[in-house]
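A.B. asks:
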Amino acid sequence: MITLTHFLVVGACLFSTGLYAVLSRRNALLVLVGIELMINAAIVNLVAFGRYDKSLYGGQVFALFAIVLAAAAVAVALAIILNVYKFYKSVNPEDISNLKD
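Using the working numbering, the first residue of the sequence shown is number 51, and each one after it goes up by one.
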């Protein structure tokens, strides 16, 4: 039987992998992937807690809400990254020095 601890360990591993990707990568797209991994770890935890809550399905409702917000955030972030690439010809965050223009 899979217990709540198993789900929480998987969520913690996903979150740790996402945090490592955000802190160590120099590519804006890979930073975005790391953020998505951290959001997915939170969703796994919400669904796990919802699975063991027999009376209410609050975990699944919050997970669905988080998935919708994550999709919207990815769309906005990808649009920003594409516009930055069009202007600077690079997606390396260190190459982008000023955003004044």
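Positions of the beta carbon are idealized from the N, C-alpha and C atoms, including for glycine.
1) Buried or exposed for Ile93, please, with buried defined as at least 16 other CB atoms from any protein chain shown within 10 angstroms of its CB.
2) Cα separation between Pro143 and Ile131?
3) My output table needs one value for Met51: the three-state DSSP class, helix, strand or coil.
4) Out of Asn133, Gly61 and Ala98, state which residue places its alpha-carbon closest to the alpha-carbon of Glu86.
5) Quick check: the region 64-79 against the region 133-143, are there 3 or more CB pairs under 8 Å?
6) Give the single residue among Phe57, Ala91 and Ala129 whose Cα lies nearest to the Cα of Ser66.
7) Suppose the cutoff is 8 Å on Cβ atoms and the five residues either side in sequence are ignored; what does the same chain contact list for Met88 look like?
8) Going by beta-carbon coordinates alone, are Gly109 and Leu128 separated by less than 7 Å?
C.D. replies: A quick look at the data gives this:
1) The residue you call residue 93 lines up with position 43 of the sequence shown. Answer is buried; the Cβ neighbour count reaches 16.
2) Counted from its first residue, the sequence shown places residue 143 at position 93. Counted from its first residue, the sequence shown places residue 131 at position 81. Their backbone Cα atoms lie some 10 Å apart in a straight line.
3) Taking the sequence shown and counting its residues from 1, one reaches residue 51 at position 1. Met51 falls in the coil class under three-state DSSP.
4) The count along the sequence shown starts at 1 and reaches residue 86 at position 36. The shortest Cα separation from Glu86 among Asn133, Gly61 and Ala98 belongs to Gly61.
5) yes
6) Taking the sequence shown and counting its residues from 1, the one referred to as residue 66 is at position 16. Comparing Cα positions, the closest option is Ala91.
7) One-based indexing of the sequence shown puts residue 88 at position 38. Apart from sequence neighbours up to five positions away, the residues of its chain that approach Met88 with a beta-carbon distance below 8 Å are Leu64, Phe65, Gly68, Leu69 and Val72, ordered along the chain.
8) As a working note, residue 109 is residue 59 in the sequence shown. As a working note, residue 128 is residue 78 in the sequence shown. Taking C-beta atoms as the reference points, Gly109 and Leu128 fail to come closer than 7 Å.
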